[in-house]
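Here the structure comes first, spelled out in structure tokens, and everything after it is commentary.
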Amino acid sequence: HFEQSQLLSSLPKQFFATLVAKVNAIVEQGHDVINLGQGNPDQPTPEHIVKAMKTAVENPIYHKYSPFRGQAFLKEAVATFYEREYGVKLDPTSEVAILFGGKAGLVEIPQCLLNPGDVALVPDPGYPDYWSGVEMARAKMEFMPLKKENEFLPVYTDIRQDIVDEAKLMFLNYPNNPTGATATEAFFEETVSFAKENSICVVHDFAYGAVGFDGKQPISFLQTEGAIDIGIEIYTLSKTYNMAGWRIGFAVGNKSVIEAINLFQDHMFVSVFSAVQEAAAQALLSSQDCVKELVSLYEKRRNVFINALQEIGWKVEAPPGSFFAWLPVPNGFTSETFADTLLEKAHVVVAPGIGFGEFGEGYVRVGLLTSEERLQEAADRIKALNLF
Ligand code: PLP
């Protein structure tokens, strides 16, 4: 038996592991559980992408080590994609880095830019992997509350000046997991001035960049004037093309940060399997009809579920983006006791807000990752509990 390193034992506990154990116990009792607690897209990868992968796998050149720092054709495809979707021009060699999915990039970045004791500003509630990366860098986290009254955007003037002075890095994420909020141009402009004034590197996690509802495409941080001088954006193919299992994403933006990520990855990996890179390039370059269809599927599910909950008297709001809804828990419950009640009495799994940070308390997160019928069924089961 070997002891774990101090680093490993200091990493934040995986809150959702407990939830998974509770869910498995109910499933084992033979109950029909509707799991809205996770963030795993339920649709398959579009066929043309799978086909591209099958062809690429046959190419013996791809059986060797992929080039360090990724295939040039994928970085060029990324640049074409960003210009086409967002009007942002990127230099494929110096402003694009290939990642093993968004998660790897998000965890690497603090280690690339922070020294022990440096401060990183992290949204609360937020995606828990930001915490892991900051901890691995032995840096300090300062949370920026995301409150409903501020449209779930952080308020920079609320951050204490001594913290601002120490901060070197900031994570943002819109469309947001878990709140479903989207950013405005004005907010991103304010972010650029705040970051410039205080020499803070902005890491914008754009994992749900494709998922905006009511005809509104979410905006890229790099569309903001001056953003590339102080930040990067992390994009993943996991959600846009249902490729979560493929582990492919990229970072785009500020050259010095891209260089740092590449250098880190030179030590850690070689590069993603080239056949995956080839399929990813084709996903970015070919028709985006599959993305439109996916967004409209999520939008229909959102409408069905939110309407059904409103009808039973639960005061919930429709999220403008992402595939999550952020629902206030009724009086008398914490996010955890409410999630437990729904699991035990309705066999419906939701993620308690506290798992995303202190300011997530009072909410539960629901993923729109099952059919309209199952979402309706979940709402019917919740109705039968007469909580509203
Ligand atoms: N960022 C956010 C906000 C996410 O919700 C996720 C996935 O759930 C990721 C990043 C990471 O995605 P991946 O590592 O699959 O690219």
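Convert by adding 2 to the 1-based position in the sequence shown; the result is the number in full-length UniProt numbering.
Glycine residues also receive a C-beta, built at the ideal position from the N, C-alpha and C atoms.
Coarse secondary structure for Y158, derived from DSSP in three states
helix
Would the segment 217 to 228 count as touching the segment 167 to 187 if we require 3 or more Cβ pairs under 8 Å?
yes
Any idea what DSSP makes of Y365, helix, strand or coil?
strand
Considering Cα atoms alone, identify which of F390, S96, S276 and F340 is closest to L265.
S96
Using a Cβ-Cβ cut-off of 7 Å (strictly less than) and excluding sequence neighbours within five positions of E85, which residues of its own chain qualify?
K91
Within the same chain, show all residues whose beta-carbon is closer than 6 Å to that of residue 392, passing over the 5 residues directly before and after it, in chain order.
Outside the displayed range of the chain (3 to 390) lies residue 392, so it cannot be described from this structure.
Report the residue ranges of all alpha helix (DSSP H) runs contained in full by the segment 267 to 303; include only those spanning at least 4 residues, in chain order.
276 to 287
Cβ neighbours of S134 in the same chain (closer than 8 Å, five flanking residues each side left out):
L13, P14 and V109
Grab the span of the beta strand (DSSP E) containing M245 for me, first residue to last.
Where M245 is concerned, there is no enclosing beta strand (DSSP E), given that its DSSP letter is neither H nor E.
Could you tell me whether any non-hydrogen atom of ligand 1 is closer than 7 Å to the CB of D44?
no
To which residues of the same chain is L148 closer than 8 Å at the C-beta, ignoring the five residues directly before and after it?
P125, D126, P127, G128, F154, L155, P156, N178, T181, A183 and F361
Decide if residue 394 is buried, meaning its Cβ has at least 16 other Cβ atoms within 10 Å, or exposed.
Because the chain spans 3 through 390 in this model, residue 394 falls outside it and cannot be assessed.
Does DSSP put V136 in a helix, a strand or coil?
helix
Please tell me whether, using a cut-off of 7 Å, the distance from the CB of Y129 to the nearest non-hydrogen atom of ligand 1 is below it.
yes
Indicate whether the contact test is met: 3 or more Cβ pairs, each with one atom in the segment 62 to 74 and one in the segment 274 to 287, closer than 8 Å.
yes
For ligand 1, any of its heavy atoms closer than 7 Å to the Cβ of N305?
no
So if DSSP puts E144 in a beta bridge, which residue, or which two residues, is it bridged to?
L123
Less than 8 Å between C-beta atoms, sequence neighbours within five positions excluded: which residues of the same chain meet that for V331?
S337, F340, G355, G364, Y365 and V366
Rounded C-alpha distance that separates L116 from R383
48 Å
Alpha carbon to alpha carbon, how far is I234 from D93? Give it in angstroms, no decimals.
13 Å
On a Cα-Cα basis, can you pick out the residue from E346, A380 and L370 that is closest to L21?
E346
At the level of alpha carbons, what is the spacing between T372 and T47?
16 Å
Any idea if G334 is buried or exposed, counting beta-carbon neighbours within 10 angstroms, 16 or more meaning buried?
exposed
Determine the direct distance from the alpha carbon of T226 to that of K317, and round the result to whole angstroms.
34 Å
Could you round the C-beta distance between G103 and I250 to whole angstroms and report it? I think they count as a contact, below 8 Å.
6 Å
Confirm the yes/no value for this check: CB of A281, any heavy atom of ligand 1, distance under 7 Å.
no
Tell whether a beta-carbon distance below 8 Å holds between Y243 and A285.
yes
At 3 residues or longer, what runs of the beta strand (DSSP E) sit wholly inside the segment 179 to 255?
203 to 207, 233 to 238 and 251 to 255
Can you list, in chain order, the residues of its chain whose CB lies under 6 Å from that of F75, leaving out five sequence neighbours each side?
A283
In whole angstroms, what is the alpha-carbon distance linking A54 and T343?
45 Å
Keeping to the same chain, check which residues put their C-beta closer than 6 Å to that of M172; ignore five residues upstream and five downstream.
L123, I202 and V204
Taking 7 Å as the cut-off, is the C-beta of S240 nearer than that to any heavy atom in ligand 1?
yes
Using a threshold of 8 Å, state whether the C-beta atoms of L299 and A381 are closer than that.
no
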